[in-house]
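The structure appears below as structure tokens.
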Amino acid sequence: CASPGQPARPRHAGRLALRTEGEDSRSFTSAFELYGSAREGRLMLNSPLGTTAAQASWSPRGASLQQGASQQDYPDLDRLSQDLLGETLPLAALFDWLDGRPWDGAAARATADGFTQLGWRIDTRGLNDGLLDMRRAEPGPPLSLRVRLERDPS
Amino acid sequence: ADALATLRQFNQEVRSARARFTQTVTSPDGARRKTSSGRFEFMRPDRFRFVYEKPFEQLIVADGRKVWLHDPDLNQVTVRSMDQALGATPAALLAGNQIERDFELKALPARDGLDWVQALPRGKDGQLRQLAVGFRGTALAALEIVDAFGQRSLLQFSELQTHVAFADDAFRFTPPKGADLVSP
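Chains A and B, in that order, are what the protein sequence lines are.
What the first sequence shows, in the numbering used here, is residues 596 to 749, in sequence order.
What the second sequence shows, in the numbering used here, is residues -15 to 168, in sequence order.
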């Protein structure tokens, strides 16, 4: 439920597929809705049947993860992302990446197929079809995050 | 009609079935709706397929041992073992054969022209606030799921065929070549 001051419409919505390669390769696929901004916002992960599997919310005061009836608090989004997805995803930067542009909070370098930032290679060539392919070479096992954005997140 | 008796009869006598469905997910604040549609098939006690066709393709197959999720668009297959998957879930309410063990069942007043049964998952982790199955006469017509955040998902079934003789491999899933196959 949208807490006061939270915009009702998602800034981005679609489906994501997260995959770590290497021997203990793991994957995670989910529909998602991303609200607000890197400073204050919400990420909802939905099952195909439409139920909310998890909701992460964050603000300058900290981050919290709700799954079913349980709620877990974290000092920041990185710690939450590590717990939720088993990886530290740069959720703050993701807002701008999903718009196809680098985050203004760190250095970035343009490449033939998009740009690199925070150790990630962002391929924006499929963006007008709503497709974004993000890969991290290091640290740790190679990680890939593929996103298909909905045309107009209603 | 006594929906509870109808559900128990459906659970006992309809060993397999197929139907089309439309799924409407309404956000907790009721402001936004998302609709999708496809086909649902099952064969008790532990096989089912949700084939989402619109607005995008997605496939969920339970083959009796594992549950496969294939997202062709993202070229990814996720597989997890059955016991984590079925249990007291919406799919089990329709396709399982342990509904008394997995759910606390209670008839609800008729609504929207259907007779409803509420199914409270026993010992589930509080993921679902409400789960109910609706019948038109003795025909399965709807499944309503309200999650812990108040998000509501309504599946409405049509073109129901029961006692379907499925082929042996109807609920087998073979990952397409090139799809990244990984288990969480």
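Every residue, glycine too, gets a C-beta built ideally from N, C-alpha and C.
Query raised in the report: Is A:S622 close to chain B, meaning its C-beta is less than 7 Å from at least one C-beta of that chain?
Result: By 1-based counting over the first sequence, the position of residue 622 of chain A is 27. By this cut-off, A:S622 is an interface position.
Query - Assumed close pair A:G609, A:F623 - CB separation to whole angstroms, cut-off 8 Å - result: The residue labelled residue 609 of chain A in the question sits at position 14 within the first sequence. The residue labelled residue 623 of chain A in the question sits at position 28 within the first sequence. Wrong, their Cβ atoms sit about 14 Å apart, outside the cutoff.
Report task. Would you give the residue range spanned by the beta strand (DSSP E) that A:L640 belongs to? Result -> Within the first sequence, the letter at position 45 stands for residue 640 of chain A. A:L640 -> beta strand (DSSP E) spans G636 to N641.
Query raised in the report: With 16 as the cutoff for other CB atoms within 10 Å, does A:R741 come out buried or exposed?
Result: Walking along the first sequence from the start, residue 741 of chain A turns up at place 146. Buried, by the Cβ-count rule.
Query raised in the report: Would a check of beta-carbon distances place A:T706 closer than 7 Å to chain B?
Result: Your numbering for residue 706 of chain A matches position 111 in the first sequence. No, its Cβ sits nowhere closer than 7 Å to a Cβ of chain B.
Query raised in the report: Does DSSP put B:A151 in a helix, a strand or coil?
Result: Working through the second sequence from its first residue, we reach residue 151 of chain B at position 167. DSSP places B:A151 in coil when its eight states are reduced to three.
Report task. Return yes when at least one heavy atom of the ligand ATP lies under 6 Å from the C-beta of A:W715, else no. Result -> For the ligand ATP, the structure offers nothing, since it holds no ligand at all.
Report task. For chain A, find out if any of its Cβ atoms is closer than 7 Å to the Cβ of B:T169; answer yes or no. Result -> The requested residue 169 of chain B is not part of the displayed model; chain B covers only -15 to 168.
Query - Contacts that B:L58 makes with chain A (C-beta to C-beta distance below 9 Å) - result: Taking the first residue of the second sequence as 1, we reach residue 58 of chain B at position 74. Those within 9 Å of B:L58 in chain A are R610, L611, A612, T624, L726, R741, V742 and R743.
Query raised in the report: To which residues does DSSP link B:P105 through a beta bridge?
Result: Locating residue 105 of chain B in the second sequence gives position 121, where the first residue counts as 1. Answer is B:F87, bridged to B:P105.
Requested in this report: Might you give, ordered along the chain, the residues of its own chain that have their beta carbon closer than 7 Å to the beta carbon of A:P605, omitting 5 neighbours on each side?
Outcome: Mapped onto the first sequence, residue 605 of chain A falls at position 10. Result list for A:P605: E628, L629, Y630 and P748, in chain order.
Query - Element boundaries [alpha helix (DSSP H), containing B:W52] - result: Here residue 52 of chain B corresponds to residue number 68 of the second sequence, with the count starting at 1. Looking at the DSSP string, B:W52 is not in any alpha helix (DSSP H); the run it does join, the beta strand (DSSP E), is K50 to D55.
Query - DSSP-derived helix/strand/coil call for A:R604 - result: For the purposes of this step, residue 604 of chain A is taken as the residue at position 9 of the first sequence. A:R604 falls in the coil class under three-state DSSP.
**Report entry** Those runs of the alpha helix (DSSP H) which lie wholly inside the region -14 to 16 of chain B and span at least 4 residues
**Finding:** -13 to -3
**Report entry** Helix, strand or coil at A:Q677 according to DSSP, with G and I counted as helix
**Finding:** Walking along the first sequence from the start, residue 677 of chain A turns up at place 82. Note: A:Q677 maps to helix in three-state DSSP.
Query raised in the report: Where does A:W692 sit, in a helix, a strand or coil, going by DSSP?
Result: Position 97 of the first sequence, counted from the start, is the residue given in the question as residue 692 of chain A. Residue state, collapsed to three classes: helix.
Query - Proximal residues, the region 12 to 29 of chain B versus chain A, C-beta separation under 9 Å - result: P12, D13, A15, R16, R17, K18 and S20
Query raised in the report: Quick one: what does DSSP say A:A664 is sitting in, helix, strand or coil?
Result: The residue given as residue 664 of chain A occupies position 69 in the first sequence. In the structure shown, A:A664 sits in coil (DSSP, three-state: anything other than H, G, I, E or B).
Query raised in the report: Going along the chain, which residues of the region 639 to 651 of chain A sit with their C-beta nearer than 7 Å to a C-beta in chain B?
Result: P643, L644, G645, T646, T647 and Q650
Query raised in the report: From the DSSP output, which residues share a beta bridge with B:E128?
Result: Position 144 of the second sequence, counted from the first residue, corresponds to residue 128 of chain B. Its beta-bridge partners are B:A116 and B:L138.
**Report entry** Coarse secondary structure for B:P74, derived from DSSP in three states
**Finding:** Taking the second sequence and counting its residues from 1, the one referred to as residue 74 of chain B is at position 90. In the structure shown, B:P74 sits in a helix (DSSP, three-state: H, G or I).
Query - C-alpha distance - A:H607 paired with A:Q712, whole-angstrom precision - result: Taking the first sequence and counting its residues from 1, the one referred to as residue 607 of chain A is at position 12. Taking the first sequence and counting its residues from 1, the one referred to as residue 712 of chain A is at position 117. A:H607 and A:Q712: Cα-Cα distance of roughly 20 Å.
**Report entry** Alpha-carbon spacing of A:G636 relative to B:Q(-4), whole angstroms
**Finding:** The count along the first sequence starts at 1 and reaches residue 636 of chain A at position 41. The count along the second sequence starts at 1 and reaches residue -4 of chain B at position 12. Going from the Cα of A:G636 to the Cα of B:Q(-4) covers about 47 Å.
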